[in-house]
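J.: Input: one structure, supplied below.
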Amino acid sequence: MKILVLNCGSSSIKYKLFNMDNNEVIAQGGIEKIGMAGSFLKLTTQSGEKKVIEKEIPEHTVGVKFIFEILTSQEYGVISSLTEINAVGHRMVHGGEKFNKSVLLTPEVLEAFAACNDLAPLHNPANLKGVNAVTELLPDVPQVGVFDTAFHQTMPDYAYLYAIPYELYQKYGVRRYGFHGTSHRFVSGEICKYLGIEAEGSKIITCHIGNGGSISAVKDGKSVDTTMGLTPLEGIMMGTRSGDIDGGAVTFLMEKEGLDSTAMSNLLNKKSGLLGISGVSSDMREVSAAVEEGNERAALAKKMYAYRIKKYIGAFAAAMGGVDVVIFTGGVGENRDEVRAAACEGLEFLGIKIDQEVNKQILFGKDGIISTPDSKVKVVVLPTDEELMIASDTAALV
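Quick note: the sequence shown uses our numbering, first residue 1474, plus one each step.
The following block contains the structure:
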C-alpha cells in the first residue's frame, strides 16, 4: 500500500510518499512560497541528492498537481501512475473538541473541521485547501485527517479549562487544546517498545523542542496535560513565540505601544522568543554561535529557553505523581545536547541523572538513553516521525 502524506501550510506544502509494506519513504519534498514570487519545489531523490525546481505556484491546487507530476515524472518519478496512490493522509491542525482521533474525511467531517477555523485561522484553511486539491485531482482516492489536537483530548477538565468565566468556554470553546499531538503520541508510543515497558502504569514526559515547542505529560499512554493552549502560543519559550506571559502585560503593552490585537499577536508570535531576547535569530544554531562569540543576550536567551523546559518537567512530574521517562525530540531536542543538559540540570531530586559524555554523542537523528545507569528516571533522545504516524493512521483507516 502506498500512502501520500501532505502537510499544507498557508504558503507551503510538505509531502512524503510511503510504501507501507515496509514503512519506507520512497519520495519526499516540499513546495515553498506558494502565491509569492520565487516559489519552488525542493525534493530529495532516492539517492539522497537535494534538487530545487523553480515554478510559479499561485495556489495550493496547482502545487498539489505539480507534486503529482513530479511523483510520476521520468526524471524524478517513483511511481508510474497516480493510481498507485492508495490513500492520502493530511496533517490537520485544529480539530477543537470535535475530533479525538484520526478520521476518514467525508463532507460532514470537513464541515465540522471548517467550523474550527476561528481557532486556527492561518492553519485550518490551508489544510482544507490541500484536501480540496486532492479531491479535485484524485476524486476516488480516500483521504484521512490526522489532527494535532486529537491526542490531547484525553486531558481532564481541570487541566484544560482556563480560570475565566465558564460561559466563555461554553460560548467560544476557549480552553487548552494543545498541539504537536501526533509527535507526542508517536514518541510516547515508541518509547514503550524502545524500553520494553507497558504504556499502562507509565508516567512519561515528552519534550517536543524545536522552533515551535511543547511538552506533554503522558500517563498510562494518554495525554493528561500539555503546555500549548487555545493556540500554539502558550507554554515554553520558542523560536519567535513568547510562550507563557502575564495577560496583564499584554494589555499594558497594547496601551503603551498603541497596538491593536493583530499587532499584539504579531509581536507575541513572530517577534518574541529566542529572536526577541537574543536579537540575533530564532534559530538555536545561530543563537548558540552568538553565545560562543560572547553575545550576552544570546546567552540569556538560551538560559531562559532551557529554564522554562526544566520548570515544566518538574510541574508535569508533580501533576502525574512522579515520572519514569523523559523524552527529548524535535529539532532542538534531538540535536542540541547542551540544551538537554541545561534543562535537566538541578532535577536530581526527581531521580534524573544525565551522562554528559553520552549526551554529547547523541545528535543528528540518533536515538539513545542519555541518563546514567543508576538514574531512577530514563532520559531518552528519540527522533519523532509525525509523517509515519499520519501514514500509519491512514493505512489503518482505509
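Where a beta carbon is used, it is the ideal one built from N, C-alpha and C, also for glycine. Computed from a prediction, not measured in an experiment: that's the story for all the values here.
Helix, strand or coil: which one does DSSP assign to Ile1540?
T.: helix
J.: Looking only at its own chain, which residues have a Cβ that is under 6 Å from the Cβ of Val1582, when we skip the five neighbours before and after it?
T.: Val1576
J.: Assuming Lys1666 is part of the beta strand (DSSP E), what are its boundary residues?
T.: No beta strand (DSSP E) holds Lys1666; the alpha helix (DSSP H) holding it covers 1654-1668.
J.: Specify, as a first and last residue, the run of the alpha helix (DSSP H) that Phe1725 falls within.
T.: 1720-1730
J.: Classify Glu1859 as buried or exposed, calling it buried when 16 or more other Cβ atoms lie within 10 Å of its own Cβ.
T.: buried
J.: Using alpha carbons as the reference points, say which of Ala1868, Ile1825, Val1498, Pro1638 lies closest to Pro1846.
T.: When each option's Cα is compared against that of Pro1846, the closest is Ile1825.
J.: With burial defined as no fewer than 16 other Cβ atoms inside 10 Å of the residue's Cβ, what is the status of Pro1580: buried or exposed?
T.: exposed
J.: Is Ile1476 near the ligand PLP, judged by its Cβ being under 7 Å from some heavy atom?
T.: Looking at this structure, you won't find the ligand PLP or any other ligand, since it has none at all.
J.: Can at least three beta-carbon pairs, one atom from the segment 1699-1709 and one from the segment 1658-1670, be found at a separation below 8 Å?
T.: No, because fewer than three Cβ pairs between the segment 1699-1709 and the segment 1658-1670 fall closer than 8 Å, the two stretches do not touch.
J.: Along the chain, which unbroken stretches of the alpha helix (DSSP H) at least 4 residues long are found entirely within the segment 1704-1789?
T.: 1720-1730, 1734-1743, 1746-1751, 1757-1765
J.: For the putative contact between Phe1586 and Ala1623, defined by C-beta atoms under 8 Å, what is the C-beta separation to the nearest angstrom?
T.: That pair is no contact at about 12 Å.
J.: Helix or strand or just coil, what does DSSP make of Arg1649?
T.: coil
J.: Which residue marks the beginning of the beta strand (DSSP E) containing Arg1564, and which one marks its end?
T.: 1560-1565
J.: With which residues is Ser1485 paired in a DSSP beta bridge?
T.: According to DSSP, residue pairing for Ser1485 in a beta bridge involves Glu1505.
J.: So, do the segment 1643-1661 and the segment 1678-1688 have three or more beta carbon pairs nearer to each other than 8 Å?
T.: yes
J.: State buried or exposed for Asn1808, treating a residue as buried only when at least 16 other CB atoms are found within 10 Å of its CB.
T.: buried
J.: Among Asp1866, Gly1569, Phe1822, which residue has its Cα nearest to the Cα of Gly1787?
T.: Phe1822
J.: On the criterion of 16 or more Cβ atoms from any shown chain inside 10 Å, does Met1862 qualify as buried, or is it exposed?
T.: buried
J.: Any contact between the segment 1630-1639 and the segment 1556-1569? By contact I mean 3 or more CB pairs, one from each, below 8 Å.
T.: no
J.: Between Thr1857 and Ser1656, what straight-line distance do the alpha-carbon atoms span, to the nearest angstrom?
T.: 6 Å
J.: Which first and last residues belong to the alpha helix (DSSP H) in which Glu1584 is found?
T.: Taken as a continuous stretch (DSSP letters only), the alpha helix (DSSP H) holding Glu1584 covers 1580-1587.
J.: Let me make sure I understand the geometry here. Which of Met1710, Leu1747, Arg1564, Phe1837 has the alpha-carbon closest to that of His1596?
T.: Arg1564
J.: Which residue wins for smallest C-alpha separation from Asn1480, given the options Glu1730, Val1617, Ala1690, Arg1781?
T.: Val1617
J.: At the level of alpha carbons, what is the spacing between Ser1715 and Met1727?
T.: 15 Å
J.: Starting from Asp1698 and walking both ways along the beta strand (DSSP E), at which residues does that stretch end?
T.: Where Asp1698 is concerned, the enclosing beta strand (DSSP E) stretches over 1695-1699.
J.: From the DSSP output, in three-state form, read off Glu1497 for me.
T.: strand
J.: Does Glu1527 come within less than 8 Å of chain D when only Cβ atoms are used?
T.: Annotation note: the requested chain D is absent from the structure, which comprises a single protein chain.
J.: Between the Cα of Thr1556 and the Cα atoms of Val1760, Lys1744, Pro1615, which residue gives the shortest distance?
T.: Pro1615
J.: Kindly indicate which three-state DSSP category Val1850 falls into: helix, strand or coil?
T.: coil
J.: Nearest CA to the CA of Gln1501: which residue from Ser1484, Met1509, Gln1519, Asp1494?
T.: Gln1519
J.: Is the distance from the Cβ of Gly1443 to the Cβ of Ser1485 below 8 Å?
T.: Residue 1443 lies beyond the stretch modelled for the chain, which goes from 1474 to 1871, so this question has no answer here.
J.: Is Asp1810 closer than 8 Å to Ile1457 when the C-beta atoms are compared?
T.: No information on residue 1457 is available, as it lies outside the stretch 1474 to 1871 that the chain covers here.
J.: For Tyr1645, count neighbouring C-beta atoms within 10 Å of its own C-beta (all shown protein chains included) and say buried if the count is 16 or more, exposed if not.
T.: exposed
J.: Exposed or buried, Val1525, counting other C-beta atoms within 10 Å across all chains shown (16 or more means buried)?
T.: Of the residues assessed, Val1525 falls on the exposed side of the cut-off, its CB having fewer than 16 other CB atoms within 10 angstroms.
J.: Could you give the distance in angstroms between the alpha-carbon of Gln1547 and the alpha-carbon of Leu1516?
T.: 15 Å
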